[in-house]
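Protein chains in written order, with our numbering: chain F, 25 to 491; chain X, 25 to 491.
Number of protein chains: 2
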Amino acid sequence: MDNTALEREDYMDISMEKILDFLDQRKYFDARDELLKYNAADIADILEDINDEAGLRMTVILFRLLPKDISVDVFSYLQAEDQVDLVRGITDKEISFIVHELDFDDKIDILEELPANLVNKILENTPKDERKLINTFLNYPENSAGSLMTPEYISLKPEWTVGDAMKHIKNVGMDAETIYTCYVKDFSRHLIGIVSLSTMVVSDDDTKIVDIMRTEFVSEKVNTDQEEVSDDFKKYGYLALPVVDMENRLVGIITFDDILDVMEDEATEDIERMNGVIDFENKDRGYLDISVWQHAKNRLPWLLILMVAYVFTGRIITSFEGSLSKVIALVAYMPMLMGTGGNTGSQASTLIIRGLATDEVELKDWLKILWKEIRIGALIGVILSAVNFLRVWLLDGNPIPIALTVSCAMIFIVIFAKMLGSMIPIIVKRINLDPALIANPAISSVSDAVALSIYFLMAMIFLGSML
Amino acid sequence: MDNTALEREDYMDISMEKILDFLDQRKYFDARDELLKYNAADIADILEDINDEAGLRMTVILFRLLPKDISVDVFSYLQAEDQVDLVRGITDKEISFIVHELDFDDKIDILEELPANLVNKILENTPKDERKLINTFLNYPENSAGSLMTPEYISLKPEWTVGDAMKHIKNVGMDAETIYTCYVKDFSRHLIGIVSLSTMVVSDDDTKIVDIMRTEFVSEKVNTDQEEVSDDFKKYGYLALPVVDMENRLVGIITFDDILDVMEDEATEDIERMNGVIDFENKDRGYLDISVWQHAKNRLPWLLILMVAYVFTGRIITSFEGSLSKVIALVAYMPMLMGTGGNTGSQASTLIIRGLATDEVELKDWLKILWKEIRIGALIGVILSAVNFLRVWLLDGNPIPIALTVSCAMIFIVIFAKMLGSMIPIIVKRINLDPALIANPAISSVSDAVALSIYFLMAMIFLGSML
Chain F
25 MDNTALERED YMDISMEKIL DFLDQRKYFD ARDELLKYNA ADIADILEDI NDEAGLRMTV
85 ILFRLLPKDI SVDVFSYLQA EDQVDLVRGI TDKEISFIVH ELDFDDKIDI LEELPANLVN
145 KILENTPKDE RKLINTFLNY PENSAGSLMT PEYISLKPEW TVGDAMKHIK NVGMDAETIY
205 TCYVKDFSRH LIGIVSLSTM VVSDDDTKIV DIMRTEFVSE KVNTDQEEVS DDFKKYGYLA
265 LPVVDMENRL VGIITFDDIL DVMEDEATED IERMNGVIDF ENKDRGYLDI SVWQHAKNRL
325 PWLLILMVAY VFTGRIITSF EGSLSKVIAL VAYMPMLMGT GGNTGSQAST LIIRGLATDE
385 VELKDWLKIL WKEIRIGALI GVILSAVNFL RVWLLDGNPI PIALTVSCAM IFIVIFAKML
445 GSMIPIIVKR INLDPALIAN PAISSVSDAV ALSIYFLMAM IFLGSML
Chain X
25 MDNTALERED YMDISMEKIL DFLDQRKYFD ARDELLKYNA ADIADILEDI NDEAGLRMTV
85 ILFRLLPKDI SVDVFSYLQA EDQVDLVRGI TDKEISFIVH ELDFDDKIDI LEELPANLVN
145 KILENTPKDE RKLINTFLNY PENSAGSLMT PEYISLKPEW TVGDAMKHIK NVGMDAETIY
205 TCYVKDFSRH LIGIVSLSTM VVSDDDTKIV DIMRTEFVSE KVNTDQEEVS DDFKKYGYLA
265 LPVVDMENRL VGIITFDDIL DVMEDEATED IERMNGVIDF ENKDRGYLDI SVWQHAKNRL
325 PWLLILMVAY VFTGRIITSF EGSLSKVIAL VAYMPMLMGT GGNTGSQAST LIIRGLATDE
385 VELKDWLKIL WKEIRIGALI GVILSAVNFL RVWLLDGNPI PIALTVSCAM IFIVIFAKML
445 GSMIPIIVKR INLDPALIAN PAISSVSDAV ALSIYFLMAM IFLGSML
């Protein structure tokens, strides 16, 4: 376990108790001083806890007592829902101040969350140029590179020397999202090169920027999906990536810290989809902030699609009803065989879906994958089959033909489920759909039907005379 | 879709074809020149494809023709398996050269993968101090902060001026992993402050480092788990975090680019665990590089645990066998009721497990979560129940008491499954186990038994006279 993190969190818990005590006794300034022992990210965490424990009013009081510059930082670290809550508790003037002081990309994020009348009020007090820029940014589609980027980058001229550039950075650096990667544009605002601060620091002052800039660089288009942007960050390990418009003019940059959140959101989306939850809202809201109706809407489609599949499963059973009523003992093993088929199929599909998402496996590997899953299935099938033969025969005391039916069915069900589980994601991806979204319902429906058919087939083979 | 990435990838595909042609015609230098149009990360990608298409020998030839400095970069971007492959094809001298030129953290990674005799040969040609350091680093537990860090950071003295510091960075900067965050140590190597290059760039040359360094900073311990390190990166958005030993002496730094891989690996681990695959090897190898035996070993435990659970399910069915054989129609709806219970339960557990992992929900929210899931379950249950009443009665033509049995069972099963699915992860987390690892088998086993019990109870209520 991590000592540092634990110590830090313990320490924060103690402060939290102190602050709650101070608030109870209305010693607001003592509470604020306790809070100011921490950095902005930690203060934001503590304020969110105080909002839960002592209510919004106390949180607002504390927030308003923070020094102005710190309050802006703290605000930018709060979760979107808490930002909106807080905005309701403070004056329009305070809101305007905070929003104007925020980094441009954070400003866009909060403006997207705020009610429209408040956005208008804030934009009224914004200089015309910036207002225009804000409106452009607000129009980029959600989850696009455009919605992640900031226009606050350092822009250099190719003819400048390193000395000129460093002077420029000294002047405007405080307003930029990063000064570590600088962007060289030509007269028509096309991006022609990239130069890192580290290159400049190790170069002589009279070196020309054009001579040290990298002209082979990776850039993103404004409408590129955030998932692809995050893949590029992973691949290249850059601190920031430039974003260009359709005419290849530089319009903004995306920095790595915004990508960490994207990666988490994308993983969450995949995990939810693989387990039958489709987020139709697509708003990155937390579990508790999503309404009961929305939760139900997100979960119903998959369950309803499977209802159709169960009609077929039901039909298969009904057609075998006569035989089942003669050897009723067979019913007891149906859940196990179907369940094991589903579980073992979803093990395979999980590995393939994730492998496709992380580029570990490719569509062209399908034959290798199929052959591998057949062997894995056979191995697992034989082991489970042996276990079940003993269980059905010795533990449950059934005759050997029933034990043979169950255990032989097991082998074939596991192999088939592994084949289905590994191939369906590949087929879904091949027709350009998201395997995480489609694969599991498809596998569940097919594998249940296959499992039952195999089981009844085995019953006819081993128990033919009794049915 | 992303135009840039597609264009770039298309472009790379064309080059790939050209290179394969050149290799066919033994025009190795033309192939190399085509390759050199790209940056190191892309060259590594292309080489991996060439390894797949044209074999290791061609890859080795191409790799050896790369300029030395580029070949080192390319090597560091290759996947671990391809690195090991490549090492087999080049001379020991070339290996030594590459390994010595690699950044320290990449060096450790490849040394961990190489066969022991080769590691010894490389270490023989390493200066004693570095050899000692390498051995220390090789001993940090896998997935710890120690295994991720590099000792190649910029270290400053508190009494230096910004001018001194910049001169120092100019001299040693090329060997450091990052120069954007510099570390200030006292005489006993304790970390006392952090100063960013951006602060130095906007400060005057004669400012003292001690006056501008931040003394309130976040650090990691060497044995901290990588998941917690990545959480801290997400929370604070820093470029790099310092790592200290048990005596709080600075031993290395972790940079954000190494964390992107960690985040992906951790998400993969969670996804696999949630779907019943436990990676016992814990080696971050790709799907195709894991043997059939290892795959089977990773998947069997969960399936075997559930076998035990199915013994109970089987017993419940057996105890009801007499009644089932009288109303055999009931059997046809068993898979649907159990399956829906499992699916709807795993929807809830997925959201809660992921919410706990991303700190979106907390243990103390359990009552709110339970109440929410009961309402969601009731809503979904009523809808599915109505659908099923009509199906059983009208579509399948069963008598109304059977339709009532199935549809009433559905409501209660969905509500119970949602309660189980949401509460079991919380209980598992409360006793300090990983919810992703334990929750799903636990939910499957309990929810199947509950679903059957509810179903048979409903049958006794609505069909009591017939059983």
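C-beta: ideal position from N, C-alpha, C; glycine also.
* Tell me whether the beta-carbon of Met490 (chain X) lies closer than 8 Å to the beta-carbon of Val385 (chain X). => Along the second sequence, one-based indexing puts residue 490 (chain X) at 466. Along the second sequence, one-based indexing puts residue 385 (chain X) at 361. No, Cβ-Cβ distance for Met490 (chain X) and Val385 (chain X) is not below 8 Å.
* Beta-carbon neighbours of Thr364 (chain F), restricted to chain X and to distances below 9 Å -> One-based indexing of the first sequence puts residue 364 (chain F) at position 340. Under the 9 Å cutoff, chain X gives Leu327, Leu330, Met331, Tyr334.
* **Contact list for Glu345 (chain X) against chain F, beta-carbon separation under 8 Å** => Here the question's residue 345 (chain X) lines up with position 321 in the second sequence. Those within 8 Å of Glu345 (chain X) in chain F are Ile352, Ala353, Val355, Ala356.
* To do: Assuming Leu263 (chain X) contacts Phe280 (chain X) (C-beta within less than 8 Å), just tell me the rounded distance between them.
  => Indexing the second sequence from 1 puts residue 263 (chain X) at position 239. Indexing the second sequence from 1 puts residue 280 (chain X) at position 256. Their Cβ separation, rounded to whole angstroms, is 6 Å, which keeps Leu263 (chain X) and Phe280 (chain X) in contact under 8 Å.
* Asked: With 16 as the cutoff for other CB atoms within 10 Å, does Asp255 (chain X) come out buried or exposed?
  -> Looking up residue 255 (chain X) in the second sequence gives position 231. Asp255 (chain X) is buried by the Cβ-count criterion.
* Might you give, ordered along the chain, the residues of its own chain that have their beta carbon closer than 7 Å to the beta carbon of Asn27 (chain X), omitting 5 neighbours on each side? => Translated into the one-based positions of the second sequence, residue 27 (chain X) becomes position 3. Confidence in Asn27 (chain X) is poor, its pLDDT being 42 and thus under 50, which makes the residue's placement unreliable; the coordinate value appears in the next sentence. No residues qualify anywhere along the chain.
* Listed by chain order, chain X residues near Thr374 (chain F) by CB distance under 9 Å -> The count along the first sequence starts at 1 and reaches residue 374 (chain F) at position 350. Neighbours of Thr374 (chain F) in chain X, taken as residues whose beta carbon is under 9 Å from its own, are Ile295, Glu296, Met298, Asn299, Gly300, Val301 in chain order.
* Asked: For Gly84 (chain F), which residues of its own chain have a beta-carbon under 8 Å away from its beta-carbon, when the five flanking residues on both sides are left out?
  -> Sequence index remark: in the first sequence, residue 84 (chain F) carries index 60 (1-based). According to the sequence shown, residue 84 (chain F) is Val rather than Gly. Closer than 8 Å at Cβ, skipping near neighbours: Leu110, Gly113, Ile114.
* Cβ of Ala320 (chain F) within 8 Å of any chain X Cβ -> Here residue 320 (chain F) corresponds to residue number 296 of the first sequence, with the count starting at 1. So, interface residue.
* Given a limit of 8 Å on CB to CB distance, which residues of the segment 407-418 of chain F reach chain X? -> Ile407, Leu408, Val411, Asn412, Arg415
* **DSSP state of Tyr334 (chain X) mapped onto helix, strand, coil** => Along the second sequence, one-based indexing puts residue 334 (chain X) at 310. In this structure, Tyr334 (chain X) counts as helix in the three-state DSSP scheme.
* To do: Go through its chain and collect everything with a Cβ distance to Val406 (chain X)'s Cβ below 8 Å, but skip five positions before and after it.
  => The residue labelled residue 406 (chain X) in the question sits at position 382 within the second sequence. Ile435, listed in sequence order.
* So with Cβ pairs under 8 Å, would you call Pro359 (chain X) a contact of chain F? -> Here residue 359 (chain X) is taken as the residue at index 335 of the second sequence, counted from 1. Closer than 8 Å: yes.
* What does a CB cutoff of less than 6 Å around Asp230 (chain X) pick up in its chain, not counting 5 residues either side in sequence? -> In the second sequence, residue 230 (chain X) corresponds to position 206, counting from 1. Counting only Cβ-Cβ distances below 6 Å, and skipping sequence neighbours, we find Thr185.
* Asked: For a contact meaning CB atoms closer than 7 Å, what does Ala291 (chain X) contact in chain F?
  -> Position 267 of the second sequence, counted from the start, is the residue given in the question as residue 291 (chain X). Chain F residues near Ala291 (chain X): Ala291.
* Do you know how far the Cα of Thr364 (chain F) is from the Cα of Asn412 (chain F)? -> Reading the first sequence from its first residue, position 388 is the one you call residue 412 (chain F). Reading the first sequence from its first residue, position 340 is the one you call residue 364 (chain F). Asn412 (chain F) and Thr364 (chain F): Cα-Cα distance of roughly 12 Å.
* Close-in-space but distant-in-sequence residues of the same chain around Met25 (chain X) (CB under 7 Å, 5 per side omitted) -> Along the second sequence, read from residue 1 onward, the residue named residue 25 (chain X) stands at position 1. Any reading at Met25 (chain X) must be qualified, since the residue scores a pLDDT of 36, below 50, and its modelled position is unreliable; the value itself is stated next. Excluding residues within five positions, none has a Cβ falling inside 7 Å.
* To do: Can you pull the chain F residues whose beta carbon is under 9 Å from the beta carbon of Val225 (chain X), in chain order?
  => To locate residue 225 (chain X), count along the second sequence from 1; it is residue 201. Going along chain F in sequence order, the residues near Val225 (chain X) (Cβ under 9 Å) are Met190, Ile193, Lys194, Gly197, Ile203, Leu221, Val225.
* Would you decide whether Arg323 (chain F) is buried or exposed? Buried here means 16 or more other CB atoms lie within 10 Å of its CB. => Here residue 323 (chain F) is taken as the residue at index 299 of the first sequence, counted from 1. Flag for Arg323 (chain F) reads buried.
* Asked: Which residues in chain X sit within 7 Å of Val208 (chain F), going by Cβ to Cβ distance?
  -> In the first sequence, counting from the first residue as 1, residue 208 (chain F) sits at position 184. Chain X residues near Val208 (chain F): none, gap ~17 Å exceeds 7 Å.
* Which residues in the same chain have their Cβ closer than 6 Å to the Cβ of Ser243 (chain X), if we skip the five residues on either side of it in sequence? -> Within the second sequence, the letter at position 219 stands for residue 243 (chain X). Pro266, Val268.
* Using the C-alpha atoms, what's the distance from Gly310 (chain F) back to Ala402 (chain F)? -> Along the first sequence, one-based indexing puts residue 402 (chain F) at 378. Along the first sequence, one-based indexing puts residue 310 (chain F) at 286. Their backbone Cα atoms lie some 42 Å apart in a straight line.
* Asked: If we ignore side chains and look at the alpha-carbon of each, how far apart do Ile38 (chain F) and Lys209 (chain X) end up?
  -> By one-based count along the first sequence, residue 38 (chain F) stands at place 14. By one-based count along the second sequence, residue 209 (chain X) stands at place 185. Straight across, the Cα-Cα distance linking Ile38 (chain F) with Lys209 (chain X) is about 29 Å.
* On the three-state DSSP scale, how would you describe Tyr204 (chain X)? -> Counting from 1 along the second sequence, the entry for residue 204 (chain X) is found at position 180. Here Tyr204 (chain X) sits in coil by DSSP.
* **CB of Ala291 (chain F) within 8 Å of CB of Ala466 (chain X), strictly** => Position 267 of the first sequence, counted from the start, is the residue given in the question as residue 291 (chain F). Position 442 of the second sequence, counted from the start, is the residue given in the question as residue 466 (chain X). No; because the gap between Cβ atoms is not below 8 Å, this pair is not in contact.
* Are there 16 or more other CB atoms within 10 angstroms of the CB of Ala433 (chain F), so buried, or fewer, so exposed? -> Position 409 of the first sequence, counted from the first residue, corresponds to residue 433 (chain F). By the neighbour-count rule (16 or more Cβ atoms within 10 Å), Ala433 (chain F) is buried.
* Asked: Going by Cα to Cα distance, which pick from F:Ser431, F:Asp93, F:Lys152, F:Pro182 is closest to Phe211 (chain F)?
  -> Position 187 of the first sequence holds residue 211 (chain F). The shortest C-alpha separation from Phe211 (chain F) is found at F:Pro182.
* Could you list which residues in chain F have their beta carbon closer than 9 Å to that of Phe257 (chain X), in chain order? => Translated into positions along the second sequence, residue 257 (chain X) becomes position 233. Per Cβ cutoff of 9 Å: Asp281, Leu284.
* Asked: Which of helix, strand or coil does DSSP assign to Met25 (chain F)?
  -> Position 1 of the first sequence, counting from 1, holds the residue named residue 25 (chain F). In this predicted model, Met25 (chain F) has a pLDDT of only 36, less than 50, meaning its place in the structure is not dependable; the value taken from the coordinates is given anyway. Coil.
* **Helix, strand or coil at Leu354 (chain X) [DSSP, three-state]** => Reading the second sequence from its first residue, position 330 is the one you call residue 354 (chain X). Of the three classes helix, strand and coil, the one that applies to Leu354 (chain X) here is helix, per DSSP.
* What are the complete alpha helix (DSSP H) segments, minimum 4 residues, inside the segment 348-401 of chain F? -> Those alpha helix (DSSP H) runs which fall completely within the segment 348-401 of chain F and span 4+ residues are 358-381.
* Of all Cβ atoms in chain F, is any one closer than 8 Å to the Cβ of Asn27 (chain X)? -> Your numbering for residue 27 (chain X) matches position 3 in the second sequence. Because the pLDDT of Asn27 (chain X) is 42, which lies under 50, any placement of that residue in the model is unreliable, and the number read from its coordinates should be weighed accordingly. Chain F contact via Cβ: present.
* How about Ser370 (chain X): is its C-beta nearer than 8 Å to some C-beta of chain F? -> Here residue 370 (chain X) is taken as the residue at index 346 of the second sequence, counted from 1. Cβ-Cβ to chain F under 8 Å: yes for Ser370 (chain X).
* **alpha helix (DSSP H) segment containing Pro459 (chain X), residue limits** => Start at 1 with the first residue of the second sequence, and residue 459 (chain X) comes out as number 435. Unbroken alpha helix (DSSP H) run through Pro459 (chain X): 459-487.
* Asked: Thinking C-alpha only, which one of F:Met298, F:Lys321, F:Val316 is nearest Phe304 (chain F)?
  -> On the first sequence, residue 304 (chain F) is found 280 positions in, with the first residue counted as 1. Among F:Met298, F:Lys321, F:Val316, the Cα nearest to that of Phe304 (chain F) is on F:Lys321.
* To do: For Met484 (chain F), count neighbouring Cβ atoms within 10 angstroms of its own Cβ and tell me buried if that reaches 16, exposed if not.
  => In the first sequence, residue 484 (chain F) corresponds to position 460, counting from 1. Around the CB of Met484 (chain F), fewer than 16 other CB atoms lie within 10 Å, so the residue is classed as exposed.
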